[in-house]
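Residue numbering for the sequence shown follows the UniProt record's numbering, beginning at 1 and increasing consecutively. In this text, a Cβ means the ideal position worked out from N, Cα and C, and glycines have one as well.
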Amino acid sequence: MTFEVITKDDLKTLKQEIITELKTILGSQTEQKKWLKSADVRELLNISPGTLQNLRINGTLPFTKMGKTMYYEYDDVVRILTQNKSA
């Protein structure tokens, strides 16, 4: 039976490789889409379809319509959340 000696430097190198790999994996998963569909916005804001429609009608939430699909810019959704934040 042969034994291989593992040093602290070996463990530090392994740790750095694992951290780098995790950052790569998590970084690709956390990229936010620029444009969201209605279902995504309703889920983010935890609102009903009617409430989302009211936000569109009164101009609170800008949108773009292509065909029958409504698209909302992610930054606009964040702006609404920030503006309505209570202290």
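State the Cα-Cα distance for the pair E4 and D10, rounded to the nearest angstrom. On the sequence shown, residue 4 is found 4 positions in, with the first residue counted as 1. On the sequence shown, residue 10 is found 10 positions in, with the first residue counted as 1. So the two alpha carbons sit approximately 12 Å from each other.
Return helix, strand or coil for E73, following the three-state DSSP convention. Counting from 1 along the sequence shown, the entry for residue 73 is found at position 73. Here E73 sits in strand by DSSP.
Which of the three DSSP states, helix, strand or coil, is assigned to L36? Working through the sequence shown from its first residue, we reach residue 36 at position 36. Strand, per DSSP.
Are the Cβ atoms of S38 and M66 separated by less than 7 Å? Against the sequence shown, residue 38 aligns to sequence position 38. Against the sequence shown, residue 66 aligns to sequence position 66. Not closer than 7 Å, so no.
Return the bridge partner residues of M66 from the DSSP annotation. As a working mapping, residue 66 is identified with position 66 in the sequence shown. M66 is bridged to T69.
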